[in-house]
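Shown next, in C-alpha coordinates, is the structure this report addresses.
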Amino acid sequence: MAPDDRGRVWIRITIHSTREAADAVASALLSVSPNGVTTEDAGDEVCVTGYAGPFHGADAIAGVSVRVPNALEPIPSDLLPRPLQIELSAEPEEDWIEAFRSHHQPVRIGHLVIKPTWEPWPSPQLPPRPRDLVIEIDPGLAFGTGQHPTTYICLAEMQERIRPGDRVLDFGCGSGILSIAAAKLGAGHITAIDCDEAALSVAAENVALNEVTDRVKLEAADNLDDVDGGLDLVVANINPIVVATEAARVAQLLRPGGTYICTGIPLSREGRVLEALREAPFKGILPRPKGEWIGFVCVTADGDGS
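Note that this note's numbering has the sequence shown beginning at 456, numbered continuously upward.
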(Lines of atoms letter the chains of each structure in order from A and count residues from 1; the text may use other names and numbers.)
(Lines give C-alpha, C1' and ligand atoms only; values in the text may rest on other atoms or scores of the structure.)
Protein backbone atom coordinates (compact mmCIF):
# COMPACT_ATOMS: atom_id res chain seq x y z
CA MET A 1 0.00 0.00 0.00
CA ALA A 2 1.36 3.42 -0.95
CA PRO A 3 2.18 5.85 1.90
CA ASP A 4 -0.70 8.19 0.97
CA ASP A 5 -3.12 5.27 1.17
CA ARG A 6 -2.64 4.89 4.91
CA GLY A 7 -5.76 5.68 6.85
CA ARG A 8 -8.05 5.14 3.89
CA VAL A 9 -11.31 3.42 4.70
CA TRP A 10 -14.16 1.77 2.84
CA ILE A 11 -17.75 1.97 4.00
CA ARG A 12 -19.29 -1.48 4.23
CA ILE A 13 -22.97 -1.44 3.26
CA THR A 14 -25.27 -4.33 4.12
CA ILE A 15 -28.91 -4.25 3.03
CA HIS A 16 -31.36 -6.84 4.33
CA SER A 17 -33.56 -7.62 1.34
CA THR A 18 -36.42 -9.89 0.44
CA ARG A 19 -35.53 -12.67 -2.01
CA GLU A 20 -37.78 -11.12 -4.64
CA ALA A 21 -35.94 -7.79 -4.50
CA ALA A 22 -32.38 -9.11 -4.05
CA ASP A 23 -31.31 -8.74 -7.69
CA ALA A 24 -32.80 -5.26 -7.95
CA VAL A 25 -31.16 -4.21 -4.67
CA ALA A 26 -27.79 -5.58 -5.80
CA SER A 27 -28.05 -3.78 -9.13
CA ALA A 28 -28.99 -0.50 -7.43
CA LEU A 29 -26.17 -0.82 -4.91
CA LEU A 30 -23.62 -0.95 -7.73
CA SER A 31 -24.07 2.80 -8.18
CA VAL A 32 -22.67 3.26 -4.66
CA SER A 33 -20.36 0.21 -4.61
CA PRO A 34 -18.80 0.20 -8.11
CA ASN A 35 -16.25 -2.51 -7.30
CA GLY A 36 -18.99 -5.10 -6.96
CA VAL A 37 -21.54 -6.50 -4.54
CA THR A 38 -22.17 -9.87 -2.96
CA THR A 39 -25.40 -11.60 -1.98
CA GLU A 40 -25.76 -14.14 0.80
CA ASP A 41 -28.79 -16.17 1.83
CA ALA A 42 -29.68 -15.55 5.47
CA GLY A 43 -32.78 -17.49 6.42
CA ASP A 44 -35.86 -15.77 5.04
CA GLU A 45 -33.89 -12.85 3.64
CA VAL A 46 -30.90 -12.08 1.44
CA CYS A 47 -28.07 -9.87 2.66
CA VAL A 48 -26.68 -7.68 -0.12
CA THR A 49 -23.26 -6.25 0.71
CA GLY A 50 -21.10 -3.68 -1.03
CA TYR A 51 -18.29 -1.27 -0.26
CA ALA A 52 -18.19 2.46 -1.04
CA GLY A 53 -14.89 4.29 -1.15
CA PRO A 54 -12.09 4.71 -0.58
CA PHE A 55 -12.40 7.66 1.78
CA HIS A 56 -10.03 9.42 4.14
CA GLY A 57 -11.84 9.05 7.45
CA ALA A 58 -14.93 7.29 8.76
CA ASP A 59 -16.97 10.51 8.64
CA ALA A 60 -17.81 9.50 5.05
CA ILE A 61 -20.55 7.29 6.52
CA ALA A 62 -22.84 10.32 6.64
CA GLY A 63 -22.65 10.84 2.89
CA VAL A 64 -23.08 7.15 2.11
CA SER A 65 -26.12 7.01 4.38
CA VAL A 66 -27.84 9.45 2.01
CA ARG A 67 -26.67 7.87 -1.25
CA VAL A 68 -27.86 4.34 -0.47
CA PRO A 69 -31.58 5.15 0.05
CA ASN A 70 -31.47 7.34 -3.06
CA ALA A 71 -30.06 4.44 -5.09
CA LEU A 72 -32.85 2.15 -3.87
CA GLU A 73 -35.63 4.64 -4.63
CA PRO A 74 -36.56 3.23 -8.10
CA ILE A 75 -37.30 -0.24 -6.65
CA PRO A 76 -41.05 -0.81 -6.15
CA SER A 77 -41.80 -0.32 -2.46
CA ASP A 78 -43.89 -3.48 -2.23
CA LEU A 79 -40.80 -5.59 -3.02
CA LEU A 80 -38.74 -4.20 -0.15
CA PRO A 81 -39.12 -5.16 3.51
CA ARG A 82 -40.52 -2.56 5.88
CA PRO A 83 -38.73 -1.20 7.74
CA LEU A 84 -35.74 -1.45 5.40
CA GLN A 85 -32.63 -2.37 7.36
CA ILE A 86 -29.36 -0.83 6.12
CA GLU A 87 -26.12 -1.30 8.07
CA LEU A 88 -23.04 0.90 7.53
CA SER A 89 -19.56 0.51 9.01
CA ALA A 90 -16.07 1.81 8.23
CA GLU A 91 -13.29 -0.69 7.47
CA PRO A 92 -9.57 -0.07 6.83
CA GLU A 93 -8.61 -0.55 3.19
CA GLU A 94 -6.57 -3.69 3.81
CA ASP A 95 -9.56 -5.28 5.58
CA TRP A 96 -11.82 -4.39 2.64
CA ILE A 97 -9.53 -6.10 0.12
CA GLU A 98 -9.37 -9.23 2.26
CA ALA A 99 -13.15 -9.28 2.79
CA PHE A 100 -13.93 -8.76 -0.90
CA ARG A 101 -11.61 -11.55 -2.00
CA SER A 102 -12.85 -13.93 0.69
CA HIS A 103 -16.29 -13.84 -0.97
CA HIS A 104 -14.84 -15.00 -4.29
CA GLN A 105 -13.08 -18.35 -3.99
CA PRO A 106 -12.54 -21.00 -6.69
CA VAL A 107 -15.51 -23.33 -7.12
CA ARG A 108 -15.96 -26.56 -9.06
CA ILE A 109 -19.26 -27.38 -10.79
CA GLY A 110 -18.94 -30.64 -12.70
CA HIS A 111 -16.11 -30.21 -15.21
CA LEU A 112 -16.14 -26.43 -14.84
CA VAL A 113 -13.81 -24.62 -12.46
CA ILE A 114 -14.64 -20.96 -11.85
CA LYS A 115 -11.90 -18.91 -10.26
CA PRO A 116 -11.31 -15.20 -9.68
CA THR A 117 -8.42 -13.69 -11.60
CA TRP A 118 -6.24 -13.25 -8.51
CA GLU A 119 -6.34 -16.93 -7.55
CA PRO A 120 -3.58 -19.21 -8.93
CA TRP A 121 -4.27 -22.32 -10.95
CA PRO A 122 -3.83 -25.12 -10.01
CA SER A 123 -5.47 -23.98 -6.80
CA PRO A 124 -4.58 -25.27 -3.32
CA GLN A 125 -8.33 -25.55 -2.64
CA LEU A 126 -9.16 -27.49 -5.81
CA PRO A 127 -6.70 -30.11 -7.08
CA PRO A 128 -6.92 -30.24 -10.90
CA ARG A 129 -8.72 -33.04 -12.74
CA PRO A 130 -8.04 -34.24 -16.30
CA ARG A 131 -11.26 -32.85 -17.86
CA ASP A 132 -11.31 -29.49 -16.08
CA LEU A 133 -12.49 -26.46 -18.04
CA VAL A 134 -11.22 -23.37 -16.22
CA ILE A 135 -13.13 -20.09 -16.33
CA GLU A 136 -11.42 -16.97 -15.01
CA ILE A 137 -13.77 -14.28 -13.74
CA ASP A 138 -13.14 -10.78 -12.49
CA PRO A 139 -16.29 -10.13 -10.41
CA GLY A 140 -16.03 -6.40 -11.04
CA LEU A 141 -19.37 -4.66 -11.37
CA ALA A 142 -21.45 -7.63 -12.44
CA PHE A 143 -23.09 -10.73 -11.07
CA GLY A 144 -22.05 -14.30 -11.65
CA THR A 145 -19.03 -15.97 -10.08
CA GLY A 146 -20.34 -19.50 -9.57
CA GLN A 147 -20.95 -19.04 -5.86
CA HIS A 148 -24.71 -18.40 -5.98
CA PRO A 149 -27.16 -21.34 -6.14
CA THR A 150 -28.82 -19.96 -9.28
CA THR A 151 -25.51 -19.75 -11.15
CA TYR A 152 -24.75 -23.29 -9.99
CA ILE A 153 -28.07 -24.54 -11.39
CA CYS A 154 -27.37 -23.00 -14.80
CA LEU A 155 -23.81 -24.27 -15.07
CA ALA A 156 -24.70 -27.78 -13.94
CA GLU A 157 -27.54 -28.07 -16.46
CA MET A 158 -25.58 -26.53 -19.33
CA GLN A 159 -22.98 -29.27 -19.07
CA GLU A 160 -25.67 -31.88 -19.63
CA ARG A 161 -27.29 -30.18 -22.62
CA ILE A 162 -24.87 -28.19 -24.77
CA ARG A 163 -23.78 -29.92 -27.96
CA PRO A 164 -20.88 -28.94 -30.25
CA GLY A 165 -21.84 -26.06 -32.51
CA ASP A 166 -25.02 -25.10 -30.62
CA ARG A 167 -26.48 -21.61 -31.00
CA VAL A 168 -27.01 -20.16 -27.52
CA LEU A 169 -28.62 -17.04 -26.04
CA ASP A 170 -27.50 -15.80 -22.62
CA PHE A 171 -30.37 -13.54 -21.53
CA GLY A 172 -29.11 -11.17 -18.81
CA CYS A 173 -25.45 -12.11 -19.08
CA GLY A 174 -24.07 -10.23 -16.06
CA SER A 175 -20.37 -11.07 -15.70
CA GLY A 176 -20.50 -13.25 -18.82
CA ILE A 177 -19.90 -16.46 -16.89
CA LEU A 178 -22.67 -18.46 -18.62
CA SER A 179 -21.60 -17.31 -22.09
CA ILE A 180 -18.00 -18.24 -21.38
CA ALA A 181 -19.08 -21.62 -20.04
CA ALA A 182 -21.16 -22.23 -23.17
CA ALA A 183 -18.14 -21.51 -25.35
CA LYS A 184 -15.86 -23.74 -23.25
CA LEU A 185 -18.46 -26.52 -23.49
CA GLY A 186 -18.41 -26.37 -27.28
CA ALA A 187 -21.22 -24.03 -28.35
CA GLY A 188 -20.59 -22.52 -31.76
CA HIS A 189 -22.19 -19.09 -31.32
CA ILE A 190 -23.39 -17.32 -28.19
CA THR A 191 -25.36 -14.08 -28.10
CA ALA A 192 -25.11 -12.43 -24.68
CA ILE A 193 -27.46 -9.57 -23.86
CA ASP A 194 -27.88 -7.33 -20.83
CA CYS A 195 -29.54 -3.98 -20.14
CA ASP A 196 -26.70 -2.87 -17.83
CA GLU A 197 -23.80 -1.19 -19.64
CA ALA A 198 -21.51 -1.73 -16.65
CA ALA A 199 -22.25 -5.46 -16.71
CA LEU A 200 -21.54 -5.61 -20.45
CA SER A 201 -18.20 -3.90 -19.90
CA VAL A 202 -17.20 -6.47 -17.29
CA ALA A 203 -18.51 -9.30 -19.47
CA ALA A 204 -16.40 -8.05 -22.40
CA GLU A 205 -13.29 -8.14 -20.23
CA ASN A 206 -14.07 -11.63 -18.96
CA VAL A 207 -14.84 -12.93 -22.46
CA ALA A 208 -11.49 -11.59 -23.68
CA LEU A 209 -9.68 -12.98 -20.63
CA ASN A 210 -11.02 -16.45 -21.44
CA GLU A 211 -10.18 -16.11 -25.16
CA VAL A 212 -13.71 -16.79 -26.47
CA THR A 213 -14.36 -13.48 -28.25
CA ASP A 214 -14.68 -15.34 -31.56
CA ARG A 215 -17.86 -17.06 -30.36
CA VAL A 216 -19.48 -14.65 -27.88
CA LYS A 217 -21.31 -11.58 -29.19
CA LEU A 218 -22.29 -9.02 -26.54
CA GLU A 219 -25.29 -6.75 -27.08
CA ALA A 220 -27.13 -4.11 -25.03
CA ALA A 221 -30.84 -4.96 -24.79
CA ASP A 222 -33.57 -5.15 -22.16
CA ASN A 223 -35.87 -7.45 -24.13
CA LEU A 224 -35.80 -10.14 -26.81
CA ASP A 225 -37.46 -8.21 -29.64
CA ASP A 226 -34.38 -8.10 -31.89
CA VAL A 227 -32.99 -11.57 -31.17
CA ASP A 228 -32.87 -14.03 -34.08
CA GLY A 229 -34.62 -17.37 -33.69
CA GLY A 230 -33.56 -20.93 -34.40
CA LEU A 231 -31.68 -21.20 -31.11
CA ASP A 232 -30.65 -24.52 -29.58
CA LEU A 233 -30.44 -23.22 -26.02
CA VAL A 234 -31.51 -20.16 -24.06
CA VAL A 235 -30.15 -19.67 -20.56
CA ALA A 236 -31.42 -16.95 -18.23
CA ASN A 237 -30.43 -16.25 -14.63
CA ILE A 238 -32.62 -13.19 -14.12
CA ASN A 239 -35.49 -11.64 -12.20
CA PRO A 240 -38.45 -14.07 -11.93
CA ILE A 241 -40.84 -11.43 -13.27
CA VAL A 242 -38.81 -11.26 -16.48
CA VAL A 243 -38.59 -15.06 -16.67
CA ALA A 244 -42.39 -15.18 -16.59
CA THR A 245 -43.13 -12.28 -18.94
CA GLU A 246 -40.62 -13.38 -21.60
CA ALA A 247 -41.43 -17.12 -21.51
CA ALA A 248 -43.57 -17.09 -24.66
CA ARG A 249 -40.98 -15.09 -26.60
CA VAL A 250 -38.23 -17.53 -25.56
CA ALA A 251 -40.34 -20.43 -26.81
CA GLN A 252 -40.63 -18.67 -30.19
CA LEU A 253 -36.88 -18.19 -30.44
CA LEU A 254 -36.00 -21.85 -29.82
CA ARG A 255 -35.91 -24.45 -32.57
CA PRO A 256 -38.19 -27.50 -32.18
CA GLY A 257 -36.73 -29.53 -29.33
CA GLY A 258 -34.70 -26.56 -28.09
CA THR A 259 -34.00 -26.08 -24.39
CA TYR A 260 -34.61 -23.20 -22.00
CA ILE A 261 -32.72 -23.15 -18.69
CA CYS A 262 -34.10 -20.42 -16.46
CA THR A 263 -33.45 -19.51 -12.85
CA GLY A 264 -33.06 -16.54 -10.51
CA ILE A 265 -36.37 -17.68 -9.04
CA PRO A 266 -37.00 -17.73 -5.27
CA LEU A 267 -39.12 -20.68 -4.17
CA SER A 268 -41.85 -18.21 -3.22
CA ARG A 269 -42.24 -17.27 -6.92
CA GLU A 270 -42.15 -20.83 -8.28
CA GLY A 271 -45.89 -21.10 -8.99
CA ARG A 272 -46.22 -17.94 -11.08
CA VAL A 273 -43.17 -18.76 -13.19
CA LEU A 274 -44.24 -22.37 -13.71
CA GLU A 275 -47.65 -21.19 -14.91
CA ALA A 276 -46.04 -18.85 -17.46
CA LEU A 277 -43.74 -21.61 -18.74
CA ARG A 278 -46.68 -23.95 -19.27
CA GLU A 279 -48.60 -21.26 -21.12
CA ALA A 280 -45.62 -20.42 -23.37
CA PRO A 281 -45.96 -23.38 -24.09
CA PHE A 282 -43.07 -25.58 -23.01
CA LYS A 283 -43.27 -29.28 -22.32
CA GLY A 284 -41.12 -31.54 -20.19
CA ILE A 285 -40.63 -28.81 -17.58
CA LEU A 286 -38.12 -30.12 -15.05
CA PRO A 287 -37.68 -28.34 -11.69
CA ARG A 288 -34.15 -27.87 -10.38
CA PRO A 289 -34.27 -26.62 -6.76
CA LYS A 290 -31.19 -25.65 -4.79
CA GLY A 291 -31.55 -24.19 -1.31
CA GLU A 292 -34.15 -21.42 -1.33
CA TRP A 293 -33.97 -21.05 -5.11
CA ILE A 294 -35.30 -22.99 -8.08
CA GLY A 295 -34.62 -23.24 -11.78
CA PHE A 296 -36.45 -24.96 -14.61
CA VAL A 297 -35.24 -26.90 -17.63
CA CYS A 298 -37.86 -26.60 -20.37
CA VAL A 299 -38.09 -28.15 -23.83
CA THR A 300 -40.09 -26.90 -26.81
CA ALA A 301 -42.40 -29.14 -28.83
CA ASP A 302 -40.75 -32.11 -30.60
CA GLY A 303 -38.18 -32.46 -27.82
CA ASP A 304 -38.24 -35.20 -25.22
CA GLY A 305 -36.47 -33.27 -22.43
CA SER A 306 -33.84 -35.95 -21.92
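No residue lacks a Cβ here, since even glycine has one placed at the ideal position from N, Cα and C.
This one's a predicted model, so the numbers in the text were calculated from it and none came from an experiment.
Here the C-alpha atom of Val523 lies approximately 21 Å from the C-alpha atom of Asn694. Note on the region 640-720: whole alpha helix (DSSP H) runs with a minimum of 4 residues are 652-664, 695-700 and 702-708, in chain order. The beta carbon of Asp587 sits closer than 7 Å to those of His566 and Val568, all from its chain and outside the five residues before and after it, given in chain order. Annotation for Val487: no beta strand (DSSP E) segment contains it, and DSSP assigns it neither H nor E. A contact between stretches requires three or more CB pairs, one per stretch, nearer than 8 Å, and the region 650-660 fails this requirement with the region 681-689.
CA-to-CA, the gap between Phe737 and Ile468 works out to about 41 Å. One thing to note: Leu534 has its Cβ no nearer than 9 Å to the Cβ of Ala481. Judged by beta-carbon spacing, Ile592 lies within the 9 Å limit of Gly631, meaning their Cβ atoms are closer than that value. Inclusion of Thr494 and Val487 in the CB contact set at 9 Å is not warranted, their separation being larger than that value. At a Cβ-Cβ threshold of 9 Å, Tyr506 and Glu546 count as neighbours. Judged by DSSP secondary structure, Thr605 falls within the alpha helix (DSSP H) whose first and last residues are Pro604 to Arg616. Thr473 sits close to Pro536, with the two beta carbons spaced by under 9 Å.
The beta carbons of Ile716 and Trp748 sit no closer together than 9 Å. Under DSSP, Thr494 forms a beta bridge with Val503.
Ala691 is positioned such that its CB atom lies closer than 9 Å to that of Val698. In the DSSP assignment, Arg733 falls within the alpha helix (DSSP H) that extends over Glu725 to Glu734.
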